[in-house]
Amino acid sequence: MPYYRVVGEVPRKRHVQFRRPDGGLYAEELMGEEGFSSDSSLLYHRYLPTAIIKSEAVAEEPRSELAANLPLSPRHFRTTELPETGDLVTGRHLLAGNGDVRISYASARSASELYRNSMGDECVYVQSGQVRLETTYGAIDAGPGDYLVIPTGTIHRWVPAGEPVTVLAVQAAGHIRPPKRYLSQYGQLLEHAPYSERDLRGPTEPLQRDGTDVPVLVRTRGGLTRLTYKNHPFDVVGWDGYLYPYAFNIADFEPIVKRTHAPPPVHQTFEGPGFVICSFCPRPLDFHPEAIPIPYNHHNVDSDEFMFYVGGDYSARKGSGIDVGSISLHPAGFTHGPQPGAVEAVVEAVSRGVGTTSELAVMIDTFRPLDLGPAALACEDSAYAWTWAR
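Mapped onto the working numbering, the consecutive letters of the sequence shown carry residue numbers -8 to 381.
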């Protein structure tokens, strides 16, 4: 995280005696990245965070398998055709992935069990519904348009507010952070960045849960394990540091515009190992008198482009079948661009005074090819690849 935060009770200095009301010592837990050479936070527990009483292997379901995008083709997936599942952790439908990232979709209304991803950070985008993210650091209430970034190793669970919650979950093989070019050498978000620290929401107070024999589902590179803790891990009385879960709403992203069409890097929101996450938000159209305010045909030679359409009108692909809830995958070996006739239609609309675009989308560009998950193939629009030839 780019800035320091303190929540709850902490002692004046780090790593000194901090006593409970009964005179005993609180138990420290230092959560640190990159071998404690990067961001960290120090948490104070009522009970030992190391006390486990059982460890059981958990079998992965077959739906976690990936297949190469062969024959190479642009793809269109309709997530609205995927069924509602149990919860936002075990109910994820795997859409695509590679060695750097796995991308899943879920629609669920049940609370998840406690979960710890020890393979990498997660960034979960809430498409619809209200949900509470409960963690060892505290809770964050989230709704449509919220990105929630969850650091590696954070024990957490998802609690929907009654109605189904739909999300796109990005699971990294490392850490997800603001782009380096947005940050000063000391970690502050700079004035040219499209968001600031004021836009980021972290936990404001610790959660206090009692309980014994508490199971936690843990993901590591070796697979899934269910650890049973002697005491509930949500027993933190305070913490401080730079590493913690936070929320950022896509409506707080400030689009960067040019007189002519700007390339995707101006929409970048986060970066991870081998991929970036971008936010395409409502914004003024390009305002050069002869501008073509729509994407040109383009071929990103180093990236696969995975686009989740979450709101608004997609004039560039009008007539292709793309709509809210759609996902397009345009692989690096394919040049893509506007639907035939879209350029002329948008230029004519601008001449009639249309000056803004309403599109809202989340894009993930990966720098290694994306393989396809079974859920993507189950909801694919097989006619999409030929829509430019109509």
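For glycine and all other residues, C-beta sits at the position ideal for the given N, C-alpha and C.
Considering residue i, what are the terminal residues of the beta strand (DSSP E) in which it resides?
i	result
L159	156 to 163
E19	18 to 23
K221	214 to 222
C269	266 to 271
D137	137 to 141
H327	Premise fails: H327 is in no beta strand (DSSP E) and is neither H nor E.
G(-1)	-4 to -1
T357	351 to 357
L180	First-last for L180: undefined, no H or E at that position.
S317	317 to 321
Output the boundary residues of the alpha helix (DSSP H) element that contains residue i.
i	result
E262	Looking at the DSSP string, E262 is not in any alpha helix (DSSP H); the run it does join, the beta strand (DSSP E), is 259 to 263.
P365	365 to 369
S342	333 to 342
Buried or exposed: which applies to residue i, given that a residue is buried once 16 or more other Cβ atoms fall within 10 Å of its Cβ?
i	result
I44	exposed
P254	exposed
P224	buried
E125	buried
H279	exposed
Q199	exposed
W377	exposed
E262	buried
S98	buried
R83	buried
H67	buried
L368	exposed
N288	exposed
Q176	exposed
H183	exposed
H258	buried
Q330	buried
F27	exposed
Pick helix, strand or coil for residue i, following the three-state DSSP scheme.
i	result
L34	strand
S306	helix
L61	coil
T378	helix
E188	helix
D243	helix
R172	helix
P12	coil
P236	coil
P206	strand
P255	helix
F27	coil
F297	strand
R250	coil
K45	strand
V150	strand
G229	strand
H279	coil
R3	coil
Who are the near neighbours of residue i in its chain, counting only those whose CB is closer than 7 Å to its CB and skipping five residues on each side?
i	result
L33	R5, E19, L21, W230, D231, G232
T395	The first residue shown for the chain is -8 and the last is 381, placing residue 395 beyond what the model contains.
G302	V315, L351
L363	L57, A58, N60, A87
R148	A102, S103, E104, L105, Y106, E125
R192	I131, Y237, A238
P40	A18, E20, P224
V122	A133, W149, V150, P151, A152, V156
I313	H67, Y300, Y305, S319
Leaving out five residues before and five after residue i in sequence, what residues of the same chain have Cβ atoms less than 6 Å from its Cβ?
i	result
H407	Since the first residue shown for the chain is -8 and the last is 381, residue 407 is missing from the structure and cannot be characterised.
P206	R217, T219
D112	P142, T143, A163, H166, I167
F271	H258, E350, A352
So, for residue i: in the same chain, excluding its five sequence neighbours on each side, which residues have a beta-carbon less than 8 Å away from its beta-carbon?
i	result
R274	P246, V248, T347, T348
H31	In the sequence as displayed, the identity of residue 31 is Ser instead of His. So the list reads L21, M22, G23, E24, G232, Y233, L234, once near-sequence residues are dropped.
Y(-5)	D231, G232, Y233
E51	G214, L215
Using 7 Å as the cut-off, classify the Cβ of residue i as near or not near the heavy atoms of the ligand GTP, replying yes or no.
i	result
E25	The model depicted lacks the ligand GTP and carries no ligand whatsoever.
Mind listing, in chain order, the continuous beta strand (DSSP E) runs of no fewer than 3 residues lying wholly within the region 52 to 134? 66 to 69, 84 to 88, 92 to 99, 105 to 108, 113 to 119, 122 to 126, 129 to 133
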